[in-house]
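Q: Okay, handing you the structure first.
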Amino acid sequence: MNKCPRRTLLGGIGSTLAIGAAGCLSTPGDESPAGNESGTDTETETETESDTDENGADAEFGPLLEYLPASAVDGPTTLVTVDTDALAEANEPYGGPSLGSPFDIDPDAVSNAVAVETDENYATSIIVLSGDVLLESEPKSESNPRESPDGTEYDRYELDSHVAAVTDDVTVVVRSDERAEAEHETDSDVLLEAAFEAAAGDTERLLGADPVYEDALETLPDGDRRIVMTSETITTAEDDDIQPEDLEFVVYGQTVLGPDTIELRYGIRFTDAAHITDELLAEIEDDFGYGAGHDEPEITVDDTLVTVSTVIDLEAQRKAQEIESPRVRSPMEIDRDADSVELDVTRGDPTPVEDLTLELNDEVYDPDVWAAGQETIEEGDTIRIATDDLEPNLQLTLRHEHAYGGSATSTTINSHFAFEADYDLQTETLTLEYADEIPLDGDELHLAVYEERTGFDDDSLESTQPWTGQEVTDGATATLDGVLAGHTVIVGWRSDSRRDSIYSYYVQPPGYASTDYDYESKTLEVTLELEDPRPAAEYQLLVEDEPAPVQWTDDADTVDSGATVTLEDVDVGTAGTIVWGDDDVRVSGFTARPSITLDLERQSDDGDDNYTLEHLGGDQLPTSSLEVVVWSDAGRESIAFEDLEDVEDLEGTFSEGDVVSLDLDFEAEADGIRHVNLEYDDQQIGAAMFDRDED
Numbered sequence: 000m001n002k003c004p005r006r007t008l009l010g011g012i013g014s015t016l017a018i019g020a021a022g023c024l025s026t027p028g029d030e031s032p033a034g035n036e037s038g039t040d041t042e043t044e045t046e047t048e049s050d051t052d053e054n055g056a057d058a059e060f061g062p063l064l065e066y067l068p069a070s071a072v073d074g075p076t077t078l079v080t081v082d083t084d085a086l087a088e089a090n091e092p093y094g095g096p097s098l099g100s101p102f103d104i105d106p107d108a109v110s111n112a113v114a115v116e117t118d119e120n121y122a123t124s125i126i127v128l129s130g131d132v133l134l135e136s137e138p139k140s141e142s143n144p145r146e147s148p149d150g151t152e153y154d155r156y157e158l159d160s161h162v163a164a165v166t167d168d169v170t171v172v173v174r175s176d177e178r179a180e181a182e183h184e185t186d187s188d189v190l191l192e193a194a195f196e197a198a199a200g201d202t203e204r205l206l207g208a209d210p211v212y213e214d215a216l217e218t219l220p221d222g223d224r225r226i227v228m229t230s231e232t233i234t235t236a237e238d239d240d241i242q243p244e245d246l247e248f249v250v251y252g253q254t255v256l257g258p259d260t261i262e263l264r265y266g267i268r269f270t271d272a273a274h275i276t277d278e279l280l281a282e283i284e285d286d287f288g289y290g291a292g293h294d295e296p297e298i299t300v301d302d303t304l305v306t307v308s309t310v311i312d313l314e315a316q317r318k319a320q321e322i323e324s325p326r327v328r329s330p331m332e333i334d335r336d337a338d339s340v341e342l343d344v345t346r347g348d349p350t351p352v353e354d355l356t357l358e359l360n361d362e363v364y365d366p367d368v369w370a371a372g373q374e375t376i377e378e379g380d381t382i383r384i385a386t387d388d389l390e391p392n393l394q395l396t397l398r399h400e401h402a403y404g405g406s407a408t409s410t411t412i413n414s415h416f417a418f419e420a421d422y423d424l425q426t427e428t429l430t431l432e433y434a435d436e437i438p439l440d441g442d443e444l445h446l447a448v449y450e451e452r453t454g455f456d457d458d459s460l461e462s463t464q465p466w467t468g469q470e471v472t473d474g475a476t477a478t479l480d481g482v483l484a485g486h487t488v489i490v491g492w493r494s495d496s497r498r499d500s501i502y503s504y505y506v507q508p509p510g511y512a513s514t515d516y517d518y519e520s521k522t523l524e525v526t527l528e529l530e531d532p533r534p535a536a537e538y539q540l541l542v543e544d545e546p547a548p549v550q551w552t553d554d555a556d557t558v559d560s561g562a563t564v565t566l567e568d569v570d571v572g573t574a575g576t577i578v579w580g581d582d583d584v585r586v587s588g589f590t591a592r593p594s595i596t597l598d599l600e601r602q603s604d605d606g607d608d609n610y611t612l613e614h615l616g617g618d619q620l621p622t623s624s625l626e627v628v629v630w631s632d633a634g635r636e637s638i639a640f641e642d643l644e645d646v647e648d649l650e651g652t653f654s655e656g657d658v659v660s661l662d663l664d665f666e667a668e669a670d671g672i673r674h675v676n677l678e679y680d681d682q683q684i685g686a687a688m689f690d691r692d693e694d
């Protein structure tokens, strides 16, 4: 299941069109991939008629929209409608639509679909399909005919956290809902029952509860695919001129005009026309033309509604896909005594330098410097940056303009600098000492403290600039107070964002924990490794996120290094965590699994390669539970262990000293094995790498 990428919605607004494919029924070709953009002109000949009836209701999707109950909305919600028959007529270069369901539903059998997705993961809450839909997956529960409260007969299927109801007219698929009541079979049945009640008119429908959804749909009545986001769903950066509360909705639409032509449209409804400035419209125009085969956008303003449209030439997109533009890779190390820094070109067809532009922090760089006399750039070449032009966290963007648009690839170099950290647990202070030879401008350096397991875009707990007005050289120090175990401290260049970090330090809680799992006895020993004795109550052992039946406090009030607790009857795959303190800061984690040491060898016989895998030590395991995962230059291949040669001689177990032949029929050394993983019940328990240099 593909995920629609997070992208800036009409970058001038800074909103986020972040739709998970599970909910948006994505066509992977909706947006041209990063690295392809175009201004190719196209002409369209096909006109479409509105599917909206005289009462304003959506005639084509109306019967499906009736199944969406108001109760399906709990927080930020996205509404999607898709005419899959219409989208199938387009020659999408990236494939057809994918459906947000774990059931094996053939997209070609679906005529129309509507979906509601909620929560921050953009997972489908409910999807309603019309067409000759068959569920081909084996259900986990019986599919005897059921009857809804309004008397509708349906077949019920269950798979993972989803439940499907198949009627004569529609198929409704819902996922688990935490608001479920105890009397229902599964969490999903709550929402499923509400869907039938909404269709029967016995409970409030989504479009009736909040008119913003119908208003948004009517903004783009001809759309073969529409995505509606309300202000609660849209996110913006704090410094954007437009904030979510300034918007009523954003609706995105696609209309198929012909096999190679699609119209894209946005409707943006503001709360006040004053938000619609000339500067905003200019930014929208610049941003909306991005993409391979896009026409120049047309923008109209009607009071508080801004409508933007453009036409995509799918043939141009397909041709753009065939062009492999140069890409560069950051160097592993930088020799600051050299005159220049070289970056390897890791892929790309021969491309004239005149078609390429290199930017450093958005500024065009001199091609006489970076190309160094080369007329073309291709895979295997290098480009150069003068050492004197290096800055911390220097972003490089290589742009390629071609007949069908263009591409852009970016990387960051010079982003790691040496600091030494000294943390005092008792005083909760952290001292950082700069330990690099390159002087830094203190006005650009930020120190920031983040909570455990926060994302790149989360706000810091604290931010400061201790070196303002100074040149920071080797030995310069700064101290932060109130830093707790589990916090992360970063040194940022020009901001306190994690994305701009040039150094990061995680404040580890005191100690470490090691585990020893005995497969035969199913026992697991967890041992603390400490520098100094500590109160036993500070540490807790969690198994599957719940307190384990045994704890260090069972034996003593104080623990020293080597203190061990033993868990009994632990199945393979059981996961656990050792946490510290009142905030349950993670010390270590584990997954119970057997372990085997392996050796991978290659033997040549009459020019053919034969690989063998030997058990050098560890647990004795049943061959029926093992799987070999082979990684080669040709890709990844999984093989049931019992399908290997010589396995019949092992008498059902794989033990120390046993050797099996992989005997994979690779055509050439270039397709030979790189490494092999051995898995037991989907848990990796051993690995071996083939060293070609020693062959």
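Here numbering that gives the first Met the number 0 is used: the first residue of the sequence shown is 0, the next is one more, and so on.
Every residue, glycine too, gets a C-beta built ideally from N, C-alpha and C.
(1) Once you ignore the five residues that flank residue 370 on each side, which residues in its own chain have a CB closer than 6 angstroms to its CB?
(2) Who pairs with residue 154 in a beta bridge, going by DSSP?
(3) Give me the DSSP bridge partner(s) of residue 601.
(4) With 16 as the cutoff for other CB atoms within 10 Å, does residue 623 come out buried or exposed?
(5) If distances are taken between C-alpha atoms only, which option among 495, 388, 599 and 106 comes closest to residue 338?
(6) Along the chain, where does the beta strand (DSSP E) containing residue 706 start, and where does it finish?
(7) Start and end of the alpha helix (DSSP H) containing residue 466?
(8) Measuring CA to CA, which of 420, 586, 192 and 446 is closest to residue 434?
(9) Excluding the five sequence neighbours on either side, which residues of its own chain have a C-beta within less than 6 angstroms of the C-beta of residue 422, listed in chain order?
(10) Just verifying my parser: in three-state terms, what is the DSSP assignment at residue 529?
(11) Taking 6 angstroms as the cut-off, is the CB of residue 658 close to at least one heavy atom of the ligand FMN?
(12) Measuring only the C-alpha atoms, how far is residue 280 from residue 306?
(13) Report all residues from its chain with a CB closer than 8 angstroms to the CB of residue 574; omit the five preceding and five following residues, and keep chain order.
(14) State the Cα-Cα distance for the pair residue 168 and residue 103, rounded to the nearest angstrom.
(15) Measure the C-alpha to C-alpha separation of residue 368 and residue 397 and round it to an integer number of angstroms.
(16) Assess contact between the segment 550-569 and the segment 475-493, defined as three or more Cβ pairs (one per stretch) separated by less than 8 angstroms. Is contact present?
(17) Using DSSP's beta-bridge definition, name the partner residues of residue 224.
(18) Quick check on residue 340: buried or exposed, where buried means 16 or more other Cβ atoms within 10 Å of its Cβ?
(19) With distance defined between alpha-carbon atoms, name the residue in 631, 613 and 441 nearest to residue 644.
(20) In this structure, how does DSSP classify residue 518 when only helix, strand and coil are distinguished?
(21) Check for me: the alpha helix (DSSP H) holding residue 447 runs from which residue to which?
(22) Would you report the Cα separation of residue 125 and residue 174, rounded to the nearest angstrom?
(23) Could you say which of 684, 650 and 539 lies nearest to residue 625 if we only look at CA atoms?
(24) Rounded to the nearest angstrom, what separates residue 274 and residue 283 at their Cα positions?
(25) For the beta strand (DSSP E) containing residue 540, name the first residue and the last one.
(26) Apart from the five residues on each side of it in sequence, which residues of its chain come closer than 7 angstroms, Cβ to Cβ, to residue 511?
(27) Using DSSP with H/G/I as helix, E/B as strand and the rest coil, what is residue 388?
(28) If you measure between the beta carbons of residue 250 and residue 266, is that distance less than 7 angstroms?
(29) Does residue 230 come out as helix, strand or coil in the three-state DSSP assignment?
(30) What is the residue span of the alpha helix (DSSP H) that residue 492 lies within?
(31) In terms of residue numbering, what span does the beta strand (DSSP E) encompassing residue 398 cover?
(32) Tell me the residue span of the alpha helix (DSSP H) that contains residue 480.
(33) Whose C-alpha, out of 81, 150 and 558, is nearest the C-alpha of residue 219?
(34) If you draw a straight line from the C-alpha of residue 779 to the C-alpha of residue 132, how long is it?
(35) According to DSSP, residue 585 sits in a beta bridge with which residue or residues?
(36) I'd like to confirm the pairing. Which residues does DSSP put opposite residue 111 in its beta bridges?
A: Answer, in terms of the structure:
(1) 352.
(2) Per DSSP, the beta bridge partners of residue 154 are 144 and 165.
(3) Note: residue 601 sits in a beta bridge opposite 610.
(4) It counts as exposed.
(5) Considering only alpha carbons, the answer is 388.
(6) Lying before the first or after the last residue shown, residue 706 is absent from the chain, which here runs from 0 to 694.
(7) From DSSP, residue 466 is part of no alpha helix (DSSP H); its letter is neither H nor E.
(8) Per the C-alpha coordinates, the member of 420, 586, 192 and 446 positioned closest to residue 434 is 420.
(9) Around residue 422: 429 and 506.
(10) DSSP places residue 529 in the coil class of the three-state scheme, outside both helix and strand.
(11) The ligand content of the structure shown is nil, which means the ligand FMN is not present either.
(12) The alpha-carbon atoms of residue 280 and residue 306 are separated by roughly 10 angstroms.
(13) Excluding five sequence positions before and after residue 574, the CB atoms of its chain that fall closer than 8 angstroms to its own CB belong to 542, 543, 588, 589, 590 and 591, given in chain order.
(14) If you take the alpha carbons of residue 168 and residue 103, they lie about 19 angstroms apart.
(15) Their backbone Cα atoms lie some 14 angstroms apart in a straight line.
(16) Contact between the segment 550-569 and the segment 475-493 is absent, because fewer than three Cβ pairs lie under 8 angstroms.
(17) Residue 224 pairs with 81 and 253.
(18) A residue is called buried when at least 16 other Cβ atoms come within 10 angstroms of its Cβ; residue 340 meets this threshold and is buried.
(19) Of all alpha-carbon atoms in 631, 613 and 441, the one lying nearest the alpha-carbon of residue 644 is that of 613.
(20) The answer is coil: DSSP assigns residue 518 none of H, G, I, E or B.
(21) Annotation for residue 447: no alpha helix (DSSP H) segment contains it, though the beta strand (DSSP E) segment containing it runs 444-449.
(22) If you take the alpha carbons of residue 125 and residue 174, they lie about 7 angstroms apart.
(23) Here the closest residue by C-alpha is 684.
(24) Here the alpha carbon of residue 274 sits roughly 13 angstroms from the alpha carbon of residue 283.
(25) Residues 538-542.
(26) Cβ-Cβ distances below 7 angstroms link residue 511 to 528, 586 and 587 in the same chain, with the five nearest sequence neighbours on each side left out; the list follows chain order.
(27) Residue 388 falls in the helix class under three-state DSSP.
(28) Note that the C-beta distance between residue 250 and residue 266 is below 7 angstroms.
(29) In this structure, residue 230 counts as coil in the three-state DSSP scheme.
(30) Segment 487-492 is the beta strand (DSSP E) holding residue 492; no alpha helix (DSSP H) there.
(31) Residue 398 -> beta strand (DSSP E) spans 393-401.
(32) Here residue 480 belongs to no alpha helix (DSSP H); instead the beta strand (DSSP E) covers 476-480.
(33) When each option's Cα is compared against that of residue 219, the closest is 81.
(34) Here the chain has residues from 0 to 694 only, and residue 779 is not among them.
(35) Residue 585 is bridged to 578.
(36) The secondary-structure analysis by DSSP pairs residue 111 across a beta bridge with 82 and 129.
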